[in-house]
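A short write-up of the structure that comes next.
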Amino acid sequence: MKTLFLIITSFILLEVEGIKNGYPRDSKGCTFECGQDAKHGDDYCDKMCKTTLKGEGGDCDFEYAECWCDNIPDTVVTWKNKEPKCKQI
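Residues -18 to -1, 1 to 71 (mature numbering (1 follows the signal peptide of the UniProt record, and there is no 0)) are what the sequence shown spells out, left to right.
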């Protein structure tokens, strides 16, 4: 019982934030386009996902020509593939 109490208290004190994967949206509600150049697109997305969004990394999904990010904070708004790529948020 004490162990459970310590675990719950630790999560509260650390304010653990969830993570997710997805196609992030910018402040205008648009996804991050990465184009058709595989090397440039992957480098751009990886850097943007790590630096701007504080994720683990990312790459260019060439099916949609949009950046995909791994392990970004839950607070980042992401695109659902049935929605328009630019949407007011």
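The beta carbon of each residue, even a glycine, is placed where N, CA and C say it ideally should be.
### Query
Exposed or buried, what is P55 when buried is set at 16 or more other beta-carbons lying within 10 Å of its beta-carbon?
P55 is exposed by the Cβ-count criterion.
### Task
Report all residues from its chain with a CB closer than 8 Å to the CB of S(-9); omit the five preceding and five following residues, and keep chain order.
Note that S(-9) scores 49 on pLDDT, short of 50, meaning its location in the model is unreliable and no value can be drawn from it.
### Message
Could you check whether D52 and N3 sit closer than 7 Å to each other, using their CB atoms as the reference points?
### Response
Result yes, Cβ atoms of N3 and D52 sit closer than 7 Å.
### Query
Among residues of its own chain, excluding the 5 on either side of C31, which ones have a beta-carbon nearer than 6 Å to its beta-carbon?
G37, G39, G40 and C51.
### Task
Verify whether the separation of the beta carbon atoms of F34 and K67 is less than 7 Å.
Note that residue 34 corresponds to Thr in the displayed sequence, not to Phe. At a Cβ-Cβ threshold of 7 Å, T34 and K67 do not count as neighbours.
### Query
When the Cα of D24 is compared with those of T60, C49, K64 and N63, which residue comes out closest?
Of the listed residues, the one whose Cα sits closest to D24 is C49.
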